[in-house]
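Numbering (this note's numbering), first residue to last: -7 to 262.
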């Protein structure tokens, strides 16, 4: 399989970056778009890389935040057939508390209704095709992660900690083991690995790809996280976006060459 990074915070090789993520994934005879960044930049970068978005068979939204969802209208304009898989619980109600004020960080208002005919709402785990699954993450301890990250949902004019029930992993089976994509891993990439492992008992987690939301964590936290990733036995780790520069530096220090930096234009071949 091959995954091309269309958007990451870091630009490279003449491709600009932005705060967000987008991947063009080729697996067997399938072409998949995972996330679309926060603008149409992913589509511009795809064109520069010679990747045709009209060829995509289906798209997946990792979670209901603007920096992964707001480029989707551009995708729908360029591809008239592909469906978008997102969690059933995705709404336009995600907020971040900054300096005592709530800032909207969710899907662009009206998008879910405008493109409802293109959307497949996923209630839980789903086998999309042979070797491709969506794994949901809605463990109770996710609400603690929401409080820690100062992220909330607006429900019935009330604020509740975000339990990230709108988050899902895109998981592939390969000859080398299981490959996990999770764009922000709000509940912890180590927790996500444990949940995916429960779906594939006895199978090795070969590769973890995505953001780990470490940019706002202490060095002690990141080192502990890195040690848990090591204990999980993951052979390859590709990370960027919300992992942050310092988080990446510490991961490299602890985990060495198994850790690789995401950047726009990077081709991951597994």
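Each residue gets a CB set at the ideal place from its N, CA and C atoms; glycine is no exception.
Can you give me the C-alpha to C-alpha distance between residue i and residue j, rounded to a whole angstrom?
i, j, result
"residue 162", "residue 117", "10 Å"
"residue 204", "residue 176", "5 Å"
"residue 197", "residue 212", "25 Å"
"residue 245", "residue 149", "45 Å"
"residue 36", "residue 13", "14 Å"
"residue 106", "residue 233", "28 Å"
"residue 169", "residue 188", "12 Å"
"residue 195", "residue 151", "39 Å"
"residue 66", "residue 15", "15 Å"
"residue 142", "residue 208", "11 Å"
"residue 221", "residue 193", "18 Å"
"residue 34", "residue 7", "10 Å"
"residue 218", "residue 224", "10 Å"
"residue 26", "residue 238", "25 Å"
"residue 76", "residue 240", "31 Å"
"residue 146", "residue 236", "27 Å"
"residue 123", "residue 259", "21 Å"
"residue 92", "residue 61", "25 Å"
"residue 282", "residue 22", "The structure shown does not extend to residue 282, since the chain spans only -7 to 262, so no value can be given for it."
"residue 24", "residue 248", "30 Å"
"residue 186", "residue 121", "22 Å"
Which same chain residues end up closer than 6 Å to residue i when comparing Cβ atoms and leaving out the 5 residues on each side of it in sequence?
i, result
"residue 56", "82, 86, 98, 99, 158"
"residue 84", "98, 99, 101"
"residue 59", "11, 12, 30"
Once you ignore the five residues that flank residue i on each side, which residues in its own chain have a CB closer than 8 Å to its CB?
i, result
"residue -7", "17, 18, 19, 20, 164, 166, 171, 261, 262"
"residue 2", "9, 232, 253, 254, 255, 256"
"residue 250", "226, 227, 228, 229"
If you run the structure through DSSP and keep just helix, strand and coil, what is residue i?
i, result
"residue 68", "helix"
"residue 156", "coil"
"residue 145", "strand"
"residue 51", "strand"
"residue 82", "coil"
"residue 16", "strand"
"residue 251", "strand"
"residue 195", "coil"
"residue 163", "strand"
"residue 182", "helix"
"residue 99", "coil"
"residue 136", "helix"
"residue 188", "helix"
Quick check: residue i and residue j, are their CB atoms within less than 7 Å of each other?
i, j, result
"residue 256", "residue -1", "yes"
"residue 32", "residue 10", "no"
"residue 206", "residue -3", "no"
"residue 53", "residue 78", "yes"
"residue 216", "residue 173", "no"
"residue 74", "residue 96", "no"
"residue 80", "residue 113", "yes"
Among the candidates the options, whose CA atom is the shortest distance from the CA of residue i?
i, options, result
"residue 200", "217, 193, 181, 79", "181"
"residue 279", "195, 89, 4, 62", "Not covered by the structure: residue 279. The range shown for the chain is -7 to 262."
"residue 214", "243, 223, 126", "243"
"residue 268", "229, 62, 121, 144", "Since the first residue of the chain shown is -7 and the last is 262, residue 268 is not available in this structure."
"residue 191", "208, 93, 76, 125", "125"
"residue 210", "146, 186, 154, 140", "140"
"residue 104", "119, 63, 185, 236", "63"
"residue 184", "127, 68, 154, 146", "127"
"residue 88", "186, 22, 153", "153"
Grab me the residues of residue i's own chain with a C-beta within less than 7 Å of its C-beta, minus the 5 sequence neighbours each way, in chain order.
i, result
"residue 46", "70, 71"
"residue 38", "-2, 16, 45"
"residue 68", "107, 110"
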